[in-house]
Amino acid sequence: MNDALDVALRLLIVFVVFLTFPLIVGQAEHKVMAHMQGRLGPMYAGGFHGWAQLVADGVKFAQKEDIVPAGADRRIFQLAPAVALLPYLLVLLAIPIGPGEGAVGEVVDAGVFFVLAVMGVGVLGSLMAGWASANKFSLLGGLRTAAQLLAYELPMLLTAASVAMAAGTVSLPGIVDAFEWWWLPWQIVGAIVFFTAGLAELQRPPFDMPVADSEIIFGAYTEYTGLRFALFLLAEYAGIVVLCGLTTVLFLGGWHGPWGADGLGWVWTLLKSAVLAFVVIWLRVTYPRLREDQLQKLSWTLLVPLSLAQIALTGVVKVVIS
Amino acid sequence: MILAQAPHGFLSPTGVEIAFLLVGLVTFGAALVSVTTKQLVHAALWLVVTLGGLAVEYLLLTAEFIAWVQVLIYVGSVVVLLLFGLMLTRAPIGRSPDADSANRWAALTVAVAAATALVWVVVDAFRATWIDLDGPAAGSTEATGASLFQNWVLPFEALSVLLLAALVGAIVLSRKAKAERSSPSLNSRDTDESSPSVPDARKNPAEQEGAR
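In order, the protein sequences belong to chains W and Z.
Take the working numbering: the final residue in the first sequence is number 950, and no numbers are missing along the way.
Take the working numbering: the final residue in the second sequence is number 390, and no numbers are missing along the way.
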């Protein structure tokens with residue numbers, strides 16, 4: 629009974645995190661973007677600096693009519709948002725935020741593979757949406773999504789494999805346990821490649837070619853309305869949370885930091901993730917969108933060779949120090 | 179499982195065994211639908227269910243690493259490649275009656291023969307092998323890695339050489355197709371075009387597969 633209670637509690641906590649953190653990132657994006665562009669952003673909803681703006685947006689989305697285009701493949705059209713969103717919930721289960729058994733939803737033996745595998749499934753949601761909408765812009769968006777995933781999945785995997793090699797384990801808590809401060813310069817190339825590839829997989833600017841509004845309206849999500857559209861947006865922000873958490877755990881040492889061992893490790897994890905989330909927003913405001921061919925070129929001619937070089941470096945250092 | 183000895187009878191199955199059977203039935207059903215459905219993209223999506231079901235089966239047999247790799251490679255990459263190829267060529271919504279192959283009976287015969295051979299071999303090889311689900315995981319990453327790189331390293335390397343050959347072949351084919359087109363004309367377009375050659379090469383097989 630105690631076990632069941634424990635599991636239920638963990639699931640509940642992860643679920644609450646899943647529902648709140650993306651909203652916090654979304655609100656931060658509103659405000660940070662606004663200030664970087666010399667405006668204020670939402671100020672009225674909720675009173676204090678418009679903190680309730682996203683809640684209001686959610687209510688607005690829930691009120692809107694849920695439309696399925698006449699020519700669409702109904703069932704797949706309706707299923708797609710769930711396929712896009714749920715994988716991030718599963719990934720969140722496996723990300724450890726502090727040392728010990730108590731600070732992770734569920735210890736997964738092959739954690740690195742689990743998170744990357746499940747994140748890849750989320751993209752299927754965009755593909756399904758793009759195809760089932762019976763709209764050529766949606767189809768183009770779906771195509772671009774697929775091309776982008778194929779290009780960026782590889783460097784992401786390779787750099788994650790580099791960290792796993794360094795730590796000698798593929799379990800996420802195991803990797804953070806093995807972390808030393810000098811891993812940071814050692815794995816820095818891998819970290820940058822992983823983060824960049826992750827951004828591309830989430831279709832965040834400057835890699836938001838699949839939803840380029842000036843060319844294909846909103847890509848795979850063009851035909852969506854109401855709650856289903858909101859679910860896709862939520863998936864994007866949940867993806868940011870997951871990507872920042874993963875980068876923190878794999879490359880930035882997770883809970884390691886001053887006083888991290890004294891039960892304050894989770895503060896470090898959250899802090900590092902928050903800084904990374906800020907960088908994600910910052911990049912959106914700073915860089916223009918890449919063209920499709922530039923996007924492919926960046927992956928195949930820069931990120932893949934860099935990640936291979938990182939693996940070679942990891943292997944050499946690993947052999948030398950052992 | 180049916181040819182069980184006395185200590186492992188099948189008359190009082192455990193929960194895991196029942197789950198294994200149920201997931202197996204779902205996987206089998208999804209596989210059947212994916213080859214019989216008239217809707218091309220639905221077939222690819224049912225394939226996702228099939229491959230995902232297989233991953234769950236691996237999980238139930240404690241082979242966690244294999245399960246996640248199954249999801250990563252097959253659901254995350256192969257099916258995406260397939261869908262990409264389908265969308266690039268044609269992916270009509272609704273039925274495509276012309277997508278039927280004329281040699282379906284030959285295909286059925288080959289499939290049944292291959293399945294029989296595989297099931298026969300596997301049953302024959304492992305009929306007396308039992309996985310202890312309660313003990314340490316027999317398929318953990320560590321155990322898989324150790325057996326792969328100690329006992330099976332030669333086949334592993336042979337397979338990687340095969341994959342490398344396929345990769346080089348794909349690059350050569352795509353380069354040849356480009357050289358046969360007109361030579362690069364005015365400005366620096368050739369540098370732009372050289373980059374997508376690799377994804378191009380990789381999508382070609384899926385395209386043909388999708389066109390069938």
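Just so you know, even glycine gets a beta-carbon here, dropped at the ideal spot from N, CA and C.
(message) Tell me the DSSP secondary structure of Arg912/W in three-state form.
(response) DSSP places Arg912/W in helix when its eight states are reduced to three.
(message) Using 8 Å as the cut-off, can you tell me whether the region 812 to 820 of chain W makes contact with the region 767 to 778 of chain W, which would need three or more C-beta pairs spanning the two stretches below that distance?
(response) At 8 Å Cβ cutoff, the stretches do not touch.
(message) If contacts are defined as beta-carbon pairs under 8 Å, then Ile309/Z and Thr240/Z qualify, I think. What distance do you get, rounded to the angstrom?
(response) Cβ-Cβ separation between Ile309/Z and Thr240/Z: approximately 6 Å, consistent with a contact (criterion under 8 Å).
(request) Apply the 10 Å Cβ neighbour rule to Arg856/W and answer buried if 16 or more other Cβ atoms are within range, or exposed otherwise. (result) Flag for Arg856/W reads buried.
(request) Return the CA-CA distance between Ile704/W and Ala757/W, expressed in angstroms with no decimal places. (result) The alpha-carbon atoms of Ile704/W and Ala757/W are separated by roughly 7 Å.
(request) Using 10 angstroms around the beta-carbon of Ala280/Z, count the other beta-carbons present and answer buried if the total reaches 16, otherwise exposed. (result) By the Cβ-count criterion, Ala280/Z is exposed, with fewer than 16 other Cβ atoms from all chains shown falling within 10 Å of its own Cβ.
(request) Check each residue of the region 699 to 716 of chain W: if its Cβ is closer than 8 Å to any Cβ of chain Z, include it; give the result in chain order. (result) So the close ones are Gly699, Ala700, Asp701, Ile704.
(message) Give me the chain W residues within the contact set of Leu250/Z, using Cβ-Cβ distance strictly less than 8 Å, ordered along the chain.
(response) For the C-beta of Leu250/Z, the chain W residues within less than 8 Å are, from N- to C-terminus, Phe741, Leu744, Ala745, Gly748, Leu785.
(request) Report the residue ranges of all alpha helix (DSSP H) runs contained in full by the region 209 to 252 of chain Z; include only those spanning at least 4 residues, in chain order. (result) Within the region 209 to 252 of chain Z, the complete alpha helix (DSSP H) runs of at least 4 residues are 218 to 238, 242 to 248.
(request) May I ask you to report which of helix, strand or coil DSSP gives Thr797/W? (result) Coil at Thr797/W, not helix or strand.
(request) Return the residues of the region 762 to 790 of chain W that lie within a Cβ-Cβ distance of less than 7 Å from chain Z, sorted by chain order. (result) Answer set for the region 762 to 790 of chain W: Ala762, Leu767, Gly770, Leu771, Ala774, Ala775, Leu777, Leu778, Ala779, Glu781.
(request) Would you mind working out which of Leu218/Z, Pro333/Z, Leu340/Z sits nearest Thr267/Z, comparing C-alpha positions? (result) Per the Cα distances, Leu218/Z.
(request) Mind checking which residues open and close the alpha helix (DSSP H) that includes Met747/W? (result) Taken as a continuous stretch (DSSP letters only), the alpha helix (DSSP H) holding Met747/W covers 739 to 760.
(request) Report yes if the CB atom of Thr787/W is closer than 8 Å to the CB atom of Ser935/W, and no otherwise. (result) Cβ distance < 8 Å, so Thr787/W and Ser935/W count as in contact.
(request) Measuring alpha carbon to alpha carbon, tell me which of Leu714/W, Ala680/W, Met661/W, Pro783/W ends up nearest Leu931/W. (result) Closest in alpha carbon position to Leu931/W, among Leu714/W, Ala680/W, Met661/W, Pro783/W, is Pro783/W.
(request) Could you list which residues in chain W have their beta carbon closer than 9 Å to that of Trp308/Z, in chain order? (result) For a Cβ distance threshold of 9 Å, nothing in chain W lies close to Trp308/Z: the least Cβ distance comes to about 21 Å.
(message) With H, G and I counted as helix, E and B as strand and the rest as coil, what does DSSP make of Val736/W?
(response) Assignment of Val736/W by DSSP, reduced to helix, strand and coil, places it in the coil class.
(message) Within 8 Å of any Cβ in chain W, is that where the Cβ of Ile271/Z sits?
(response) Ile271/Z counts as touching chain W.
(request) Determine, using beta carbons only, whether Met179/Z comes closer than 8 Å to chain W. (result) Confidence at Met179/Z is low in this model, with a pLDDT of 45, below 50, so the placement of that residue should be treated as unreliable; the coordinate-derived value is given next. Contacts with chain W at 8 Å (Cβ-Cβ) do not include Met179/Z.
(request) Ignore the nearest five residues each way along the sequence and tell me which others in Ala708/W's own chain have a CB closer than 7 Å to its CB. (result) Counting only Cβ-Cβ distances below 7 Å, and skipping sequence neighbours, we find Gly753, Met756, Ala757, Ala760.
(request) State yes or no: is the beta carbon of Leu351/Z nearer than 8 Å to at least one beta carbon in chain W? (result) By this cut-off, Leu351/Z is not an interface position.
(request) Could you confirm whether any beta carbon from chain B is found closer than 8 Å to the beta carbon of Phe243/Z? (result) Of the protein chains in the structure, W and Z, none is chain B.
(message) Can you give me the C-alpha to C-alpha distance between Ala795/W and Gly802/W, rounded to a whole angstrom?
(response) Cα-Cα distance, rounded: 8 Å.
(request) Could you tell me which chain W residues have their CB closer than 9 Å to the CB of Ser318/Z, listed as they occur along the chain? (result) Under the 9 Å cutoff, chain W gives Asp737, Ala738.
(request) Under 7 Å Cβ to Cβ from Arg273/Z, same chain only, skipping five residues before and after it: list those, please. (result) Taking Arg273/Z as the centre and dropping the five residues before and after it, the same chain places the C-beta of Lys216, Gln217 closer than 7 Å to its C-beta, in chain order.
(request) From the DSSP output, in three-state form, read off Gln706/W for me. (result) In this structure, DSSP gives Gln706/W a helical state, which the three-state scheme calls helix.
(message) If you reduce the DSSP assignment to three classes, tell me which class Arg367/Z lands in.
(response) Here the model assigns Arg367/Z a pLDDT of 45, short of 50, so the residue's position is not dependable and the matter cannot be decided.
(request) Tell whether a beta-carbon distance below 8 Å holds between Ala819/W and Phe879/W. (result) Cβ distance < 8 Å, so Ala819/W and Phe879/W count as in contact.
(request) Would you decide whether Ala324/Z is buried or exposed? Buried here means 16 or more other CB atoms lie within 10 Å of its CB. (result) Per the 10 Å Cβ criterion, exposed.
(request) At 9 Å on the CB atoms, spell out the chain Z contacts of Leu752/W, in chain order. (result) Those are Leu223, Val226, Val253, Gly254, Val257, Val258, Leu261, listed as they occur along chain Z.
(request) Measure the beta-carbon distance from Leu259/Z to Leu778/W and round it to whole angstroms, keeping in mind my assumption that it falls under 8 Å. (result) Their Cβ separation, rounded to whole angstroms, is 7 Å, which keeps Leu259/Z and Leu778/W in contact under 8 Å.
(message) Quick check on Met664/W: buried or exposed, where buried means 16 or more other Cβ atoms within 10 Å of its Cβ?
(response) Classification for Met664/W: exposed.
(message) Below 8 Å on C-beta distance, what does Leu266/Z contact in chain W?
(response) For Leu266/Z, the C-beta contacts it makes with chain W under 8 Å involve Leu771, in order along the chain.
(request) Could you confirm whether any beta carbon from chain W is found closer than 8 Å to the beta carbon of Val247/Z? (result) Yes - at least one Cβ of chain W is within 8 Å of the one on Val247/Z.
(request) May I have the straight-line CA-CA distance separating Leu225/Z from Arg667/W, to the nearest angstrom? (result) Distance between Leu225/Z and Arg667/W, taken at the CA atoms: about 49 Å.
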